[in-house]
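2 protein chains.
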Amino acid sequence: MVADRQKSDLLQGTLDVLILKVVALGPIHGYAIAQRLQQMSGAVLQVQQGSLYPALHRLEKRRWVRAEWAASETGREARFYSLTKLGRQQLGEQRANWDRLSAAISGILSAAE
Amino acid sequence: MVADRQKSDLLQGTLDVLILKVVALGPIHGYAIAQRLQQMSGAVLQVQQGSLYPALHRLEKRRWVRAEWAASETGREARFYSLTKLGRQQLGEQRANWDRLSAAISGILSAAE
DNA sequence: GGACGATACCTTGACAATCTACATATCAAC
DNA sequence: GTTGATATGTAGATTGTCAAGGTATCGTCC
Numbered sequence: 003m004v005a006d007r008q009k010s011d012l013l014q015g016t017l018d019v020l021i022l023k024v025v026a027l028g029p030i031h032g033y034a035i036a037q038r039l040q041q042m043s044g045a046v047l048q049v050q051q052g053s054l055y056p057a058l059h060r061l062e063k064r065r066w067v068r069a070e071w072a073a074s075e076t077g078r079e080a081r082f083y084s085l086t087k088l089g090r091q092q093l094g095e096q097r098a099n100w101d102r103l104s105a106a107i108s109g110i111l112s113a114a115e
Numbered sequence: 003m004v005a006d007r008q009k010s011d012l013l014q015g016t017l018d019v020l021i022l023k024v025v026a027l028g029p030i031h032g033y034a035i036a037q038r039l040q041q042m043s044g045a046v047l048q049v050q051q052g053s054l055y056p057a058l059h060r061l062e063k064r065r066w067v068r069a070e071w072a073a074s075e076t077g078r079e080a081r082f083y084s085l086t087k088l089g090r091q092q093l094g095e096q097r098a099n100w101d102r103l104s105a106a107i108s109g110i111l112s113a114a115e
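Spelled out as structure tokens, the structure:
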């Protein structure tokens with residue numbers, strides 16, 4: 003996941019929860035997930051393919067998502083991912099975790115000098 | 003940096019900006035930085051020494067912080083870190099980066115289904 | 001005197017996630 | 001027929017963190 007053109011590489015580990023969230027919005031294939039994240043973030047987030055597919059396989063292995071081949075909007079075959087029950091639970095947990103963490107970090111960064 | 007007792011390991015790369023921020027509050031030694039982060043975050047963030055010292059050396063190498071030996075509060079010798087001009091600039095940039103990024107992620111995670 | 005916990009520094013080895021770059025294939029447009 | 005978007009995937013390198021260890025000083029408790 004790249005968050006800046008020049009040089010950024012902030013944030014590791016958040017890709018999973020972002021993917022879970024997008025998949026939770028309805029069955030979707032990998033390529034579209036990346037597009038959706040980019041669009042929803044106002045181009046702040048740009049997921050590289052070399053990050054995306056390993057992440058999807060990771061999530062599938064953990065049974066947080068389920069995959070099946072189906073025809074995409076363009077008529078081509080694509081692997082559609084949907085959230086499992088376990089995945090929905092994970093999404094909840096990790097979302098709470100993100101909230102806690104981002105609040106803690108933001109709090110520190112805005113502390114008065 | 004550990005954010006959860008059980009299993010967490012969210013967030014990589016944010017340790018640097020957190021350290022820069024704490025150092026910006028005034029010269030401080032490594033051990034105290036870890037304590038301060040833990041305290042300021044309400045125990046959400048716990049920086050391991052194996053993360054802390056490599057990070058400090060990294061920041062020093064990049065000339066974002068400067069280090070010198072001095073006596074700590076307890077009278078013992080310790081390495082006190084202070085922010086350089088470059089470091090102050092970096093802190094500003096990375097803080098802005100964090101704000102952009104966390105806003106983007108939070109926005110996605112709270113999107114309606 | 002000796003053990004222990006807190007303070008304070010540090011390194012080593014392994015691991016996990018990401019990035020860059022590459023490879024493949026289909027389809028539409030030109 | 002070549003380019004660009006769509007769509008999947010892998011390989012190698014890099015990076016940051018973690019777990020685990022080490023050294024040493026200081027105060028306190030027994």
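Going down the list, the sequences are from chains R and U.
For the first sequence, my numbering begins at 3 and goes up steadily by one.
For the second sequence, my numbering begins at 3 and goes up steadily by one.
The beta-carbon is built from N, C-alpha and C at its ideal position, and this holds for glycine as well.
Terminal residues of the beta strand (DSSP E) in which V67 of chain R lies: That run of the beta strand (DSSP E) goes 67-73.
What residue from U:G15, U:R78, U:I21, U:L13 has the CA that sits closest to I110 of chain R's CA? With distances taken between CA atoms, I110 of chain R lies nearest to U:I21 out of U:G15, U:R78, U:I21, U:L13.
Please specify which runs of the alpha helix (DSSP H), each continuous and at least 4 residues long, are wholly inside the segment 44-102 of chain U, giving them in chain order. Fully enclosed alpha helix (DSSP H) runs of no fewer than 4 residues occupy 51-63 of the segment 44-102 of chain U, in order along the chain.
Short check: CB of Y83 of chain R to CB of V46 of chain R, under 7 Å? Result no, Cβ atoms of Y83 of chain R and V46 of chain R do not sit closer than 7 Å.
So, at 6 Å on beta carbons, what are the nonlocal neighbours of A69 of chain R in its own chain, with the 5 sequence-adjacent residues on each side left out? Counting only Cβ-Cβ distances below 6 Å, and skipping sequence neighbours, we find E62, R81, Y83.
Which value, in whole angstroms, describes the spacing of the CA atoms of Q50 of chain R and E79 of chain U? Cα to Cα, the separation comes out at about 46 Å.
Cβ of Q48 of chain U within 7 Å of any chain R Cβ: Not one chain R Cβ lies under 7 Å of Q48 of chain U.
Return the first residue and the last residue of the alpha helix (DSSP H) that L27 of chain R is part of. Looking at the DSSP string, L27 of chain R is not in any alpha helix (DSSP H), and its letter there is neither H nor E.
Quick check on R102 of chain R - is its C-beta less than 7 Å from some C-beta in chain U? Closer than 7 Å to the CB of R102 of chain R there is at least one CB belonging to chain U.
Taking only the alpha-carbon atoms, compute the straight-line gap between K9 of chain R and A114 of chain U and give it to the nearest angstrom. Reliability fails at K9 of chain R, whose pLDDT of 41 lies under 50, so the model's placement of it is uncertain and the value that follows must be treated cautiously. When rounded, the distance between both Cα atoms is 31 Å.
For I107 of chain U and R38 of chain R, the rounded distance between their alpha carbons: When the Cα atoms are used, R38 of chain R and I107 of chain U turn out to be separated by approximately 13 Å.
Which residue from R:D18, R:L13, R:P29 puts its Cα closest to that of A73 of chain R? When only C-alpha atoms are compared, the closest one is R:P29.
Distance cutoff 7 Å, beta carbons only. Does K63 of chain R sit that close to anything in chain U? For K63 of chain R, not one C-beta of chain U is nearer than 7 Å to its own C-beta.
Thinking just about the alpha-carbon of each residue, which of U:G77, U:W66, U:W71 is nearest to the one in Q91 of chain U? Comparing Cα positions, the closest option is U:W66.
Whole-angstrom distance between R97 of chain R and A57 of chain U, CA atom to CA atom: So the two alpha carbons sit approximately 27 Å from each other.
With 16 other CB atoms within 10 Å as the buried threshold, where does S43 of chain U fall? It counts as buried.
Looking at C-alpha atoms only, which residue of R:H31, R:G52, R:S112, R:T86 is the closest neighbour of G77 of chain R? Closest option to G77 of chain R, Cα to Cα, is R:H31.
Residues of chain U with a CB under 8 Å from the CB of R97 of chain R: which are they? Under the 8 Å cutoff, chain U gives L111.
If you measure from the beta carbon of L58 of chain U to each beta carbon in chain R, is any gap under 7 Å? No Cβ of chain R is located within less than 7 Å of the beta carbon of L58 of chain U.
Quick check on S112 of chain U: buried or exposed, where buried means 16 or more other Cβ atoms within 10 Å of its Cβ? By the neighbour-count rule (16 or more Cβ atoms within 10 Å), S112 of chain U is not buried but exposed.
What's the C-alpha gap between R64 of chain U and G89 of chain R? R64 of chain U and G89 of chain R: Cα-Cα distance of roughly 41 Å.
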